[in-house]
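Numbering (this note's numbering), first residue to last: 6 to 76.
I have placed the structure first, in the form of structure tokens, so that the comments after it can refer back to it.
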């Protein structure tokens, strides 16, 4: 499975989610969609944590998080 998406997991000094793999919130503004943007333009600074994953697998997991295992 090809990893094709970067998403902010938690911003510096912010709270973490219950899901230890990926943050399921903030899809609209925390998925880094534009390759021309810099990390700082997304608000990424020291101690910001990122998740790197396959977008299609992520969408399937979000639809049924209690059934589908995140690989």
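We treat Cβ as the ideally placed atom computed from N, Cα and C, and that holds for glycine.
{"Query": "Tell me whether residue 66 sits in a helix, a strand or coil according to DSSP, three-state version.", "Result": "helix"}
{"Query": "Considering only the alpha carbon of each residue, which of 13, 14, 27, 15 lies closest to residue 62?", "Result": "27"}
{"Query": "In angstroms with no decimal places, state the Cα-to-Cα distance between residue 70 and residue 49.", "Result": "27 Å"}
{"Query": "Please check the pair residue 58 and residue 8, which I expect to be a contact at CB under 8 Å, by giving their CB distance rounded to whole angstroms.", "Result": "6 Å"}
{"Query": "Compare the Cα-Cα distances from residue 37 to each of 6, 68, 66, 13 and report the closest residue.", "Result": "13"}
{"Query": "From what residue to what residue does the beta strand (DSSP E) around residue 54 run?", "Result": "54-58"}
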